[in-house]
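Scroll down for the structure; my scribbles are underneath it.
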Amino acid sequence: MNWQRSVHPAVSFSAYLLAIVVPLVLALAVVGSSPALLAMVPEEHRGTVASFGEGAARVSGGDGGLFRPAHADAANSTVPGTAVPLRGEWSPRRAADIQPPAGLIAGVDYAVEATEDGYLAHWPCEHEIPVRSYDAPPGSESDLAWAVETLAFASGLPLRYAGPGAEGEREGDGAISVTYGDHPMFHTHGAAGVGGAAVWPRGLILRGSVTLQPEQITPVPGDAWSRSLTLHELMHAVGIDHAGEFRTEIMTSRRISDTQTILGHGDQFALRLVGCL
Ligand SMILES: [Zn+2]
């Protein structure tokens, strides 16, 4: 629908959401690990928060740590088959170590998520990261697959479009869940899509989440806006934040064009930073 596509703040507002969501996720990792603090969380969200806390405990070593032997993972994983990095397979990256190439400016041409203590948020490289869809409308599949392949190629991340997911896998660890449906931010901020990653201490990402408004996805495969929006939100799910306003980047916080589907130079550099090349 053209009238919706012309609402440019939609994408910039999803940025907003991200700016709020990521620290919130970090906070949840703390909140969920404390029963006293958990009591402050509204009842309907406690399951979610508690599972975040559990993940945080796993990473920080509360139950032996994330980097424990493989057999322990198999026994303790809450989701069978979940990809969990093993010892030595993931190492933190310091945001301070980043030197952009000449011509690219951090915060203008690109931005990446980092923890408060300066670690870059990024996925492990050694396990396939399935991207699963939920309630995908007709015609959306090939555009999602295109976006996943574009990101895998540009970043080296082992992303794979895995088709529709089973309900029990939604928002599970080791994967990116792409849901076509409603989100509170669509109403409060006019966002067209929302994307983010759950970031554990030292920047480890083990879960990505994207919600796309079905009305923003054209039933005709190959539509530039559908592709651009999908690509943008997926980039949030791999730890990339917004570039400055009116940049020729998929991650620009305010769009010049609704139809850009080609990664900008800043996008490409950000994908290298969070990637595996
Ligand atoms: Zn955004």
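In UniProt numbering, the protein residues as written are 1 to 277.
Don't be surprised by glycine CBs; every beta carbon is placed ideally from N, CA and C.
Chain D within 8 Å of residue i, Cβ atoms only
| i | result |
| --- | --- |
| Thr261 | Judged by its chain identifiers, the structure shown contains no chain D, having just a single protein chain. |
Length of the line joining the Cα atoms of residue i and residue j
| i | j | result |
| --- | --- | --- |
| Val199 | Asp117 | 13 Å |
| Ser177 | Leu229 | 15 Å |
| Trp146 | Arg227 | 8 Å |
| Tyr180 | Ala114 | 27 Å |
| residue 280 | Thr218 | Nothing about residue 280 can be reported from this structure: the residues present for the chain run from 1 to 277 only. |
| Asp143 | Pro92 | 32 Å |
| Arg160 | Phe246 | 30 Å |
| Ala270 | Glu89 | 21 Å |
| Val194 | Ala102 | 31 Å |
| Arg272 | Gly174 | 20 Å |
| Trp225 | Leu231 | 10 Å |
| His187 | Gln213 | 11 Å |
| Asp267 | Asp109 | 8 Å |
| Val112 | Leu204 | 13 Å |
| Ser155 | His189 | 30 Å |
| Thr261 | Thr150 | 10 Å |
| Thr259 | Gln216 | 13 Å |
| Ala57 | Gly172 | Legend: pLDDT at Ala57 = 40, less than 50; position of this residue unreliable, value from coordinates given subsequently. Cα to Cα, the separation comes out at about 16 Å. |
| Ala96 | Ala106 | 11 Å |
| Pro201 | Pro124 | 14 Å |
| Phe153 | Leu277 | 9 Å |
| Gly165 | Asp182 | 18 Å |
| Glu141 | Gly222 | 10 Å |
| Ile98 | Leu104 | 12 Å |
| Pro129 | Asp241 | Here residue 129 is Ile; the residue named in the question, Pro, does not match the sequence. One C-alpha to the other measures close to 20 Å. |
| residue 279 | Pro137 | Since the first and last residues shown for the chain are 1 and 277, residue 279 lies out of range. |
| Glu233 | Pro184 | 16 Å |
| Thr248 | Pro100 | 17 Å |
Bridge partners - residue i, DSSP secondary structure assignment
| i | result |
| --- | --- |
| Thr248 | For Thr248, which the question treats as bridged, DSSP gives no partner whatsoever. |
| Arg207 | Ala175 and Ala198 |
| Arg160 | Pro130 |
| Arg94 | Tyr119 |
| Val112 | Ile240 |
| Leu212 | Tyr180 and Gly193 |
| Ala106 | Tyr110 |
| Arg254 | Glu245 |
Rounded distance between the beta-carbons of residue j and residue i, thought under 8 Å
| i | j | result |
| --- | --- | --- |
| Met235 | Ile250 | 6 Å |
| residue 278 | Ala237 | Here the chain covers residues 1 to 277 and nothing more, so residue 278 does not appear. |
| His127 | Pro158 | 7 Å |
| Gly163 | Arg207 | 19 Å between Cβ atoms; not a contact. |
| Val210 | Gly239 | Rounded, the Cβ-Cβ distance is 13 Å, inconsistent with contact. |
| Ser253 | Gly244 | 6 Å |
| Tyr134 | Arg94 | Not confirmed; about 35 Å, so no contact. |
| Leu168 | Val220 | Correcting the residue type first, residue 168 is Gly in the shown sequence and not Leu. 32 Å between Cβ atoms; not a contact. |
Would you list, in sequence order, the uninterrupted beta strand (DSSP E) runs of no fewer than 3 residues that lie entirely inside the segment 134-158?
-> none
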